[in-house]
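**Q**
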Amino acid sequence: MNKKLFLGMVAAAALSAPAMGSMPHVGIDSGQFTIGISGYVPVVCRASVEQTMVSPHEGEVSLGALREFCNSPNGYAIHADYSPSLAHAKIIVDGKKMPLNKSGSTEISKSNRAGIATRTLELDLPKGVEGGSVSFRIVPL
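First residue of the sequence shown? That's 164 in our numbering, and the numbers climb one at a time after it.
(1) I want to know whether the stretch 287-294 touches the stretch 217-231 - three or more CB-CB distances under 8 Å.
(2) Which runs of the beta strand (DSSP E) spanning at least 3 residues fall entirely within the stretch 262-299, listed in chain order?
(3) Tell me the rounded alpha-carbon separation between Thr-269 and Pro-247.
(4) Let me check understanding here. Comparing Cα to Cα, which of Arg-209, Lys-265, Asp-257, Ser-201 lies closest to Ala-228?
(5) Taking the alpha-carbon of Tyr-239 as reference, which of Ala-210, Thr-197, Gly-199 has the nearest alpha-carbon?
(6) What span of residues does the beta strand (DSSP E) with His-242 cover, start to end?
(7) So what's Leu-226 in DSSP terms, helix, strand or just coil?
(8) Could you name the residues of the same chain whose beta carbon sits closer than 6 Å to that of Ser-272, not counting the 5 residues immediately before and after it, in chain order?
(9) When the Cα atoms are used, what is the spatial distance from Thr-281 to Arg-230?
Okay, here's the thing in structure tokens:
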């Protein structure tokens, strides 16, 4: 009976040896191994304003809050693009006045890293301005 058990164990070992020989392994005494991990994160940037329509009148008009988000590691810039009728107005971002010129676009915020921020926005309209449009765009750097 011992002879049959011994032969059965030899046969099992012979059948499993090729499978075990081709399996990758790390030696128990090596103490080292390497794991490589890589990934890709897309750059996502958004800028939005609470107010979509305001009634124009001379003086300061609240545009609400500008909410910005950008995960670009190099930072981002926010531009106000506006109609020619607003060329002599000023945009006020967190209390800082910036003149709008005839170019139709002004950089109103810039960051050298990724960020999330909320800024207050107002438009200082000169006398005689009857309307116009302003939009905001965010550009990853």
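Glycine included, every Cβ here is placed at the ideal spot set by N, Cα and C.
**A** On the basis of the supplied data:
(1) Yes, the stretch 287-294 is in contact with the stretch 217-231.
(2) You should have 268-274, 278-288.
(3) Looking up residue 269 in the sequence shown gives position 106. Looking up residue 247 in the sequence shown gives position 84. So the alpha carbons of these two residues sit roughly 12 Å apart.
(4) Along the sequence shown, read from residue 1 onward, the residue named residue 228 stands at position 65. Looking at the Cα atoms, Asp-257 is the closest of the given residues.
(5) Taking the first residue of the sequence shown as 1, we reach residue 239 at position 76. Sorting Ala-210, Thr-197, Gly-199 by C-alpha distance to the C-alpha of Tyr-239 places Ala-210 at the top.
(6) For the purposes of this step, residue 242 is taken as the residue at position 79 of the sequence shown. 239-245 is the span of the beta strand (DSSP E), which, as asked, contains His-242.
(7) The sequence position of residue 226 within the sequence shown is 63, counting from 1. Three-state result, Leu-226: strand.
(8) Your numbering for residue 272 matches position 109 in the sequence shown. So the list reads Ile-241, once near-sequence residues are dropped.
(9) In the sequence shown, residue 281 corresponds to position 118, counting from 1. In the sequence shown, residue 230 corresponds to position 67, counting from 1. Whole-angstrom Cα-Cα distance: 5 Å.
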